[in-house]
Amino acid sequence: MFRKKPPPEEERRVRANDREYNEKFQYASNCIMTSKYNIITFLPVNLFEQFQEVANTYFLFLLILQLIPQISSLSWFTTIVPLALVLSITAVKDATDDYFRHKSDNQVNNRQSQVLINGSIQSEKWMNVRVGDIIKLENNQFVAADLLLLSSTEPHGLCYIETAELDGETNMKVRQSVSVTSELGNQNNLASFDGEVVCEPPNNKLDRFCGTLYWRDKKYTLTNQNMLLRGCVLRNTEACYGLVIFAGPDTKLMQNSGRTKFKRTSIDRLMNTLVLWIFGFLVCMGVILAVGNAVWEREVGSLFQSYLPWDPPVDNFLFSAFLSFWSYVIILNTVVPISLYVSVEVIRLGHSYFINWDQQMFCSQCNTAAEARTTTLNEELGQVEYIFSDKTGTLTQNIMSFNKCSINGQTYGEVADPLGPQPKRLDFTPFNPLADPDFCFYDDTLLESVKVGDSHTHEFFRLLSLCHTVMSEEKSEGELVYKAQSPDEGALVTAARNFGFVFRSRTPGTITTTEMGRPVTYTLLAILDFNNIRKRMSVIVRNPEGRIRLYCKGADTVLLERLNPSNQELMNITSDHLNEYAADGLRTLALAYRDLSEDNWESWSESHRCADKATNCREDRLAAAYEEIEQDMMLLGATAIEDKLQEGVPETIAVLSLANIKIWVLTGDKQETAVNIGYSCKMLTDDMTEVFIISGHTVQSVRQELRGARERMIELSKARDGGKQEGMEGWGEACFTSYGLREGQEGGDAGGKQLGCPPSSPPPPPPPPTPPPSYLMDSISGEFALVINGHSLAHALEADMEAEFVSTACACKAVICCRVTPLQKAQVVELIKKHKKAVTLAIGDGANDVSMIKSAHIGVGISGQEGIQAVLASDYSFSQFRFLQRLLLVHGRWSYLRMCRFLCYFFYKNFAFTMVHFWFGFFCGFSAQTVYDQYFITLYNIVYTSLPVLAMGIFDQDVPDQRSLEYPKLYEPGQLNLLFNKREFFICIAQGIYTSVVLFFVPCAVLSDATQSTGVPLADYQTFAVTTATALVIVVSVQIALDTGFWTVINHICVWGSLGCFFAIMIALHSQTLFRIFPNQFSFIGRAQITLLQPVVWLTIALATAICIVPVLAFRFLKVDLKPQLSDTVRYTQLVHQKKRKPVSRGVERGWRGTNSVSEGRLGARGGSRRSGYAFAHQEGFGELITSGKNMRLSSLALATFASRHSSSWIDTLRRKKHTHTPPSASGESSPAPSSVSGSAPPLSNSSSVLGGSQDTPIEEETGTATAQKSQTVLTPSAQTRPAPASDSEDPVSQTPCVGVLTATAVRAHGGDSPGGWTITLGTVQEALFGWRARAVTSNNQASPAKDINQMEANLGHE
Amino acid sequence: MMASSYNAKEEDGHHSGAANHGGAGAVKSKKPDNTAFKQQRLPAWQPILTAGTVLPAFFVIGLIFIPIGIGLYVSSNNIKEFEVDYTGVDISSPCHPCAKNFSWNATTPCPCSVHFTLEQPFESNVFMYYGLSNFYQNHRRYVKSRDDSQLNGDRSALTNPSKECEPYRTSEGLPIAPCGAIANSLFNDTLKLYYIDSNGTRNEIPLVKKGIAWWTDKHVKFRNPGGNDNLTLAFKGTSKPVNWRKPVYELDPNDDDNNGFTNEDFIVWMRTAALPTFRKLYRIIQKKSGSTPTLPSGQYVLDITYNYPVLSFDGRKRMILSTISWMGGKNPFLGIAYITVGSICFFLGVVLLIIHHKYDTRNNSADIPN
């Protein structure tokens, strides 16, 4: 019933452990092949591919034309030699590439994997893995194929993977096996597993999988949650088993790595157009000469037949003209030299190597050099107008550091003088052995304050150590590792740790800390989780003394509203501090606490329980409940976290915007964070005239906002322009040029103040009813910025609003798009490409940037922490954002300059060379006689003139690299495309034609009468050919000497070497030896020697050279002298003032070396708009995970064996949450389990799950009750006065096994309470600990052990 | 088709390296070499066009070119040249009948004489040229219509000439030697020069017919098959070019060294001209000993054996007498061109100097606008 090899696979059937069955379908094996050729197919396939290039085919066509004797005006080798050279260079390159592909394929295919064959694990190469095999994976191994996870050593069949290679996300993800298979456990059971999977055919959707597992007459639904995809890495999981579903080319990884779109540069496109034009020109020349031939043959040729009869097939002048047309096409084809494309590639390759070699783009920390992954885009780097940048990992390091804080009105962490001596870093170790050695803090007053025991300071750090969702891992005593979901939290908890409030461990119900060296265990009563609306989180804990306290941290805007009125004074001080911090671009949080009485807590927890249980509007009700208790708080202070920018980001952005490059930040972050980063990297400044925020949710409102912004811009710029006319000219420039530089900034500030840019007092023109015309938008002066939200962007990108959006956004100096999806990133790039005809560059580091990187003209990948997806998709990669300025301003600029100069010269030299034939046509009866020797024609392009121009194209520099960074304006010619455009092209062509005229007519005029000193006339063809060729080579050499601005040794060698080569080869070709061997081929015997000894010949050459070069020289001199370009001036200045030069543009250079900390450059003293960049980067729902205990790692194997029971309450809660309300951020990265599990998974029946067995089913319905139970449990602490039997334990701090022991004992003491006479083991207790809430559901009785445990731990905490 | 962007190294990523070969010692730094070449810091000369360099250059070019031009012009003017057109276009021309009645089949040569007067005596060696106009020796088909192997004495090429020689490759089944259109159209007028002295007697002026070809042509490029002995035998089995009256081995029966392919008139003709109007060296009139001029001023007669028809394609034939100087023959163009270019350079230098001083933007703007 199955076709043998269904071309489009409709569904896939895989039966485990049954190779024979699976072989029927002929699924692809796991062997991948990315190479294109093998030894036998290389030549034909490669040649076939190469002849698909139009240029190569064209030359092949010419070659065929040349084989027709009546047409052939040139020997066949004049074409075949260059063609063969070009083909072989390309072939060698292709072969090398393919060789490396072969090598890498082999490497991958020969990796070892452990395959379960006939019940035993055998080592197999990857390539031999078949669909249907069961593979064992161990920790940190790459997944060999797309697997269905069958079982794992972790509880619940969970396993953790890192998908960095697939989607670039470095956070771990959880995969879970179907419950029936997860219990199979070991390999013996697995060997007999014969389930059959029916699933979708291979596709490239990374996040989707649907299939069904048929086993033992039951159906189990499979989703992506059960799959391990090739390219993932197994993490934190001992081992797992998987069934191969897709192998090799069918895997999602391979299906995703599609052929990358080939990018072309604008120069490429221009070049192609020009080449087409030249072809047109060539045809015109051919037609003119053919007409000439027709006339000549009729008027003269037919009469001349007594001496020169027509060739046999030619019987009339028209036919002769037709043939002559093709002959001239052959002769004149050198205007489009075959070496053009190869030379361009060679030059680009050279530039790519320079990028790879650049030490200043090498990051020593990560040991990565910059890499030009595409070698064909270099010159476009010199033309970039728009940069689209990702934020996290690109602009920022994604490292948060605790920078400053304000405690009880006192601010700490202020560094006195940012330019002064580097303050000493505090050493925490003597004070606190648990301190994190990597933590940096410089203000010792804070440490003093902790040491003297200031209660506010203590409470401050206690809050930080308690109020968070961080998980800790303590591998050995004192070696704490925090796993924080958001780096901000990690930074805060680490800060608390270093200041003596060490968060040690947590269980679902407790938090254990070491406060000033004293272990303390708090009972965690509730976590009031964070979400985007609340912008805060709280915990309610009971301290060992039994006091209940709510600790809250959150955005100042929301928190300050909820303070006790008595805080007014402190609040004012603190909000001043907060303003300062925000102005520094720091991410702030305000901290507060509230003491709760038992009654308070009890009543609230009741209402919370109700809210939690509610089936509809649960979210709202929970929020209301939270709101209810987060009131009346006492302010503790505020923290300021620095979202560490990558080194040199503000300077880079300053320099790039000086270079007239517009930078757009496209980030998935929320608006506050994005704006904050915008400020801290100086994209946004307080000097800006206005920052528009577009956050409308409907089409109408977005349109309105965009229009409003534009009208405002026009209004304001009119006001400014008015101001300018009053004599304040140029302050804008001052502002602009000094942007980002401290010295200038103050000036700019002052100017700004003088002028005022008053937002409220423009001469109010009546707001135009229609959107302002776009021409107005072009002349906007003043600095504006636009911040647009993802949801607004969605509307703005609609077809009818595009134009509006573009015109508004492009009038702004800075644009920040926040909360954008990867697709939107690409859309924005496409939009600019479409509307602006500008070169765009996208830079990013994560998988979410791939689409943007691919759609921009140039994609740059930051090879940072976030996987390598972006790098793989990129054209250039390096590890620091700041290298971008070097890439663009130095390498890009040079590349563009070199390429333009190269092209100009190249077209020039070929026109000068070829057009001589055209003029000669008028004197040789339009017979397509060449002026030069055929060898000269063959070698001119590939030997005599190729190297100097290549050397110029590779090595030329107009100004040195430091200068192009100092004067970013030097970048502008590239953006405006000034150096090579159609106009420049025509100038080159004209110059080439002029040269050809001179080169033909001067020798013509001189030699027609000239004789040797022996009286022999020099007017013979061969002398003429040699003279013209020599003159040509000399003229183009002089020209390249004029064009070369940077004479390195190599240029000297190339120029002089080419000249020398020309003479040497000519003399060799004209030697007697060659003539004696091939008299027919080398008929120019002795010509060079004789001709070059004639003074008249040299006088002719000198004359021709002078006539060719003098006008060029005069023209260029006038241009430089009267209208010097910036680069000319810089060059000149460098030459003249080399020694007495003062360093210009201090700020930029200092910027590099200066620290990148925020302290540098406090933003404008005018405390602009109040910004609140509160520091939460994570998604909601994490608190729930913690209280459920599911995400706690089992570090003990002993425990792990028991922990294989399902309790999916939290999963379900999450799922329900997702279904009712799907916040964009909560899209499941942190929800590590499949939602379908609980429904289909019957409870497992092992010894420990007697309880579980009875409880599994009702869970779903009764989650609410569970919460209620939980509340009850904790509500009655006074009743739980049971002494802890294990009170003699010295270290109650929870190293997990230790806690296990303790609690187990405790439970055993309670054994009688529990029904069913279950065997008490460590595992059960662990289970009880983690699953207690679920278990509590079944009965009050059952809940009690857990309750006791909690209580007991609380008690332990006391001791 | 398999994806091209994928490769295994990339799949490995960066972290696997640490996991796989951890402890393999310090990671090798990938830092690029700090060489001047790789860092693009090669020492370089950076010329720029400044008034200080360009203006002197113009003046120097001017100052060099003008004297050279003057020298060339003067020496060119000192050269004496005399030209007489004997095509016979005019009815009054003595060669008119010959030109008119020319036929390829005529067995008897058509003689005619042209009288002319030299106003000035010609000193030192005098060179006698024949000049042709509107004769397309540079036509592609004409230029390639030869067999250099044959002319070099190659035996196989002698009997089997190159295809390039078509349609002058074979005649009546025999290979033509020398083959091709160039050889076929060999200029075969004979010119003789007589000086008519005061008594009216015609003194034949001795014309040297050797030494008119290029040395390499004469000694390397053109060689008779089988050396110079018995050319008749060597050329046996070949046919004369169709336009020729006599076979190649009878070009100069009196001088073995100047016969066959090595005949200098033939070699000179075989060196094709670059332009349709050209002159070729015909004879040399050796300088006489003593102070007597080679050609004293006075009456001369040019005796022409009119064999070569050019009127059909509107061609012209000339006889030219010329002396030469160190830089060759009369060539006024070169001198004038040099003077002109030199003057223009000088003038440009002055103009640029003025412009530079008047509009100089650099001196007063020390700072660079940014």
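As they're listed, the protein sequences go chains A and B. For the first sequence, the tail end lands on 1359 under UniProt numbering, and the numbers increase by one without skipping. For the second sequence, the tail end lands on 370 under UniProt numbering, and the numbers increase by one without skipping. Built from N, CA and C at the ideal position, the CB exists for glycine as well. In this text, all values refer to a predicted model and were calculated from it rather than measured experimentally.
When you compare only the Cα positions, how much space is there between residue 600/A and residue 540/A?
Stepping through the first sequence from its first residue, residue 600/A is reached at position 600. Stepping through the first sequence from its first residue, residue 540/A is reached at position 540. Rounded to the nearest angstrom, the two C-alpha atoms are 12 Å apart.
Classify residue 359/B as helix, strand or coil using the three-state DSSP reduction.
Counting from one through the second sequence, the residue named residue 359/B turns up at place 359. In the structure shown, residue 359/B sits in a helix (DSSP, three-state: H, G or I).
Near-chain D residues of the region 339 to 356 of chain A (beta-carbon distance less than 9 Å), N- to C-terminal order
Absent here is chain D; the protein component of the structure consists of chains A and B.
For a contact meaning CB atoms closer than 7 Å, what does residue 1120/A contact in chain B?
Sequence index remark: in the first sequence, residue 1120/A carries index 1120 (1-based). Chain B residues near residue 1120/A: 49.
Any chance you could list the alpha helix (DSSP H) runs of at least 4 consecutive residues sitting entirely within the region 250 to 289 of chain B, in chain order?
Runs of the alpha helix (DSSP H) lying entirely within the region 250 to 289 of chain B, each at least 4 residues long, are 264 to 270 in chain order.
Could you tell me how far apart the beta carbons of residue 332/A and residue 926/A are, in whole angstroms, since I believe they sit closer than 8 Å?
Looking up residue 332/A in the first sequence gives position 332. Looking up residue 926/A in the first sequence gives position 926. In fact, because the Cβ distance is near 12 Å, the residues do not count as touching under 8 Å.
Please report how far the alpha carbon of residue 524/A lies from the alpha carbon of residue 503/A, in whole angstroms.
If you number the first sequence from 1, residue 524/A lands on position 524. If you number the first sequence from 1, residue 503/A lands on position 503. The straight-line gap separating the alpha-carbon atoms of residue 524/A and residue 503/A is approximately 13 Å.
If you draw a straight line from the C-alpha of residue 1131/A to the C-alpha of residue 959/A, how long is it?
Counting from 1 along the first sequence, the entry for residue 1131/A is found at position 1131. Counting from 1 along the first sequence, the entry for residue 959/A is found at position 959. A straight line joining the alpha-carbon of residue 1131/A with that of residue 959/A spans about 6 Å.
Can you give me the C-alpha to C-alpha distance between residue 584/A and residue 785/A, rounded to a whole angstrom?
Within the first sequence, residue 584/A is the residue found at index 584, counting from 1. Within the first sequence, residue 785/A is the residue found at index 785, counting from 1. Straight through space, the alpha carbons of residue 785/A and residue 584/A are spaced by roughly 18 Å.
At least one CB of chain A closer than 7 Å to the CB of residue 216/B: is that the case?
By one-based count along the second sequence, residue 216/B stands at place 216. Residue 216/B counts as touching chain A.
Relative to the alpha-carbon of residue 348/B, which residue among 54/B, 47/B, 322/B and 35/B has its alpha-carbon at the smallest distance?
As a working note, residue 348/B is residue 348 in the second sequence. If we check each option's Cα against that of residue 348/B, 54/B comes out closest.
First and last residue of the uninterrupted alpha helix (DSSP H) at residue 303/B
Here residue 303/B corresponds to residue number 303 of the second sequence, with the count starting at 1. Residue 303/B -> not in any alpha helix (DSSP H); beta strand (DSSP E) instead, spanning 298 to 306.
Can you give me, in chain order, the residues of the region 344 to 359 of chain B that have a beta carbon less than 8 Å from any beta carbon in chain A?
If the cut-off is 8 Å between Cβ atoms, the region 344 to 359 of chain B has 344, 345, 348, 352, 355, 356 and 359 near chain A.
Straight-line Cα distance separating residue 879/A from residue 42/B
Taking the second sequence and counting its residues from 1, the one referred to as residue 42/B is at position 42. Taking the first sequence and counting its residues from 1, the one referred to as residue 879/A is at position 879. If you take the alpha carbons of residue 42/B and residue 879/A, they lie about 26 Å apart.
Stretch-stretch touch, CB-based, cutoff 8 Å, three pairs: the region 993 to 1003 of chain A with the region 905 to 920 of chain A
In short, these stretches touch, since the Cβ pair count reaches three.
How big is the Cα-Cα spacing for residue 431/A and residue 481/A?
Against the first sequence, residue 431/A aligns to sequence position 431. Against the first sequence, residue 481/A aligns to sequence position 481. In a straight line, the C-alpha of residue 431/A is about 19 Å away from that of residue 481/A.
DSSP three-state call for residue 403/A: helix, strand or coil?
The count along the first sequence starts at 1 and reaches residue 403/A at position 403. In this structure, residue 403/A counts as strand in the three-state DSSP scheme.
Note down, in chain order, each residue of its chain lying with its Cβ closer than 8 Å to the Cβ of residue 245/B, except the 5 sequence neighbours on either side.
Taking the first residue of the second sequence as position 1, residue 245/B is located at position 245. Cβ within range, chain order: 188 and 307.
If I measure Cβ to Cβ from residue 272/B and keep anything under 8 Å in the same chain, skipping five residues before and after, which residues do I get?
The residue given as residue 272/B occupies position 272 in the second sequence. Around residue 272/B: 137, 138, 142, 143 and 182.
Apart from the five residues just before and just after residue 1028/A, which ones in its own chain have a Cβ nearer than 8 Å to its Cβ?
On the first sequence, position 1028 is the one that residue 1028/A refers to. Apart from sequence neighbours up to five positions away, the residues of its chain that approach residue 1028/A with a beta-carbon distance below 8 Å are 916, 931, 932, 999, 1000 and 1003, ordered along the chain.
Quick check on this structure: which residue in 13/A, 360/A, 1056/A and 1062/A has the alpha carbon closest to the alpha carbon of residue 132/A?
Counting from one through the first sequence, the residue named residue 132/A turns up at place 132. Taking only the C-alpha atoms, the option nearest residue 132/A is 13/A.
Counting only the same chain and skipping the five closest in sequence on each side, list residues whose C-beta sits under 6 Å from that of residue 963/A.
Here residue 963/A is taken as the residue at index 963 of the first sequence, counted from 1. Around residue 963/A, the same chain offers 1130 as residues with beta carbons nearer than 6 Å, after the five sequence neighbours per side are excluded.
What does the alpha-carbon distance come out to for the pair residue 496/A and residue 235/A?
The sequence position of residue 496/A within the first sequence is 496, counting from 1. The sequence position of residue 235/A within the first sequence is 235, counting from 1. Inter-residue distance for residue 496/A and residue 235/A is about 29 Å (C-alpha atoms, whole angstroms).
Backbone CA spacing between residue 312/B and residue 287/A [nearest angstrom]
Indexing the second sequence from 1 puts residue 312/B at position 312. Indexing the first sequence from 1 puts residue 287/A at position 287. Rounded to the nearest angstrom, the two C-alpha atoms are 29 Å apart.
Assuming residue 178/A contacts residue 214/A (C-beta within less than 8 Å), just tell me the rounded distance between them.
As a first step, residue 178/A is located in the first sequence; it is residue number 178 there, counting from the start. As a first step, residue 214/A is located in the first sequence; it is residue number 214 there, counting from the start. The beta-carbon distance between residue 178/A and residue 214/A, rounded to whole angstroms, is 12 Å. This is too long to meet the 8 Å contact definition.
By the three-class DSSP mapping on this structure, what secondary structure does residue 49/A have?
As a working note, residue 49/A is residue 49 in the first sequence. Note: residue 49/A maps to helix in three-state DSSP.
CB contact flag (residue 850/A, residue 816/A, <7 Å)
Working through the first sequence from its first residue, we reach residue 850/A at position 850. Working through the first sequence from its first residue, we reach residue 816/A at position 816. For the pair residue 850/A and residue 816/A, the CB atoms are not nearer than the 7 Å cut-off.
Quick check: what's the CA-CA separation for residue 9/A versus residue 145/A?
Against the first sequence, residue 9/A aligns to sequence position 9. Against the first sequence, residue 145/A aligns to sequence position 145. Each residue's alpha carbon lies about 18 Å from the other.
Assuming residue 94/A is part of the alpha helix (DSSP H), what are its boundary residues?
Walking along the first sequence from the start, residue 94/A turns up at place 94. For residue 94/A, the enclosing alpha helix (DSSP H) starts and ends at 77 to 109.
Touching by the beta-carbon criterion (3+ pairs, under 8 Å), the region 152 to 169 of chain B and the region 290 to 309 of chain B
Segment contact: the region 152 to 169 of chain B against the region 290 to 309 of chain B, fewer than three CB-CB distances shorter than 8 Å; contact not assigned.
Could you have a look at residue 647/A and say whether DSSP puts it in helix, strand or coil?
Your numbering for residue 647/A matches position 647 in the first sequence. Reduced to three states, the DSSP call for residue 647/A is coil.
Closer than 7 Å to chain A by CB, residue 249/B
The residue you call residue 249/B lines up with position 249 of the second sequence. Contact with chain A is absent for residue 249/B, since none of that chain's Cβ atoms lies less than 7 Å from the residue's Cβ.
What does the Cβ neighbour count give for residue 800/A, buried or exposed, with the cut at 16 atoms within 10 Å?
Position 800 of the first sequence, counted from the first residue, corresponds to residue 800/A. Exposed: under 16 other Cβ atoms inside 10 Å.
Where does residue 669/A sit, in a helix, a strand or coil, going by DSSP?
Stepping through the first sequence from its first residue, residue 669/A is reached at position 669. Looking at residue 669/A - three-state DSSP - the assignment turns out to be coil, as it is neither helix nor strand.
Let me know the alpha helix (DSSP H) ranges lying completely inside the region 1045 to 1132 of chain A, each 4 residues or longer, listed in chain order.
Counting whole runs of 4 or more residues, the region 1045 to 1132 of chain A contains the alpha helix (DSSP H) stretches 1049 to 1069, 1072 to 1077, 1087 to 1091 and 1095 to 1122.
DSSP state of residue 814/A mapped onto helix, strand, coil
Counted from its first residue, the first sequence places residue 814/A at position 814. Here residue 814/A carries a strand assignment [DSSP, helix/strand/coil].
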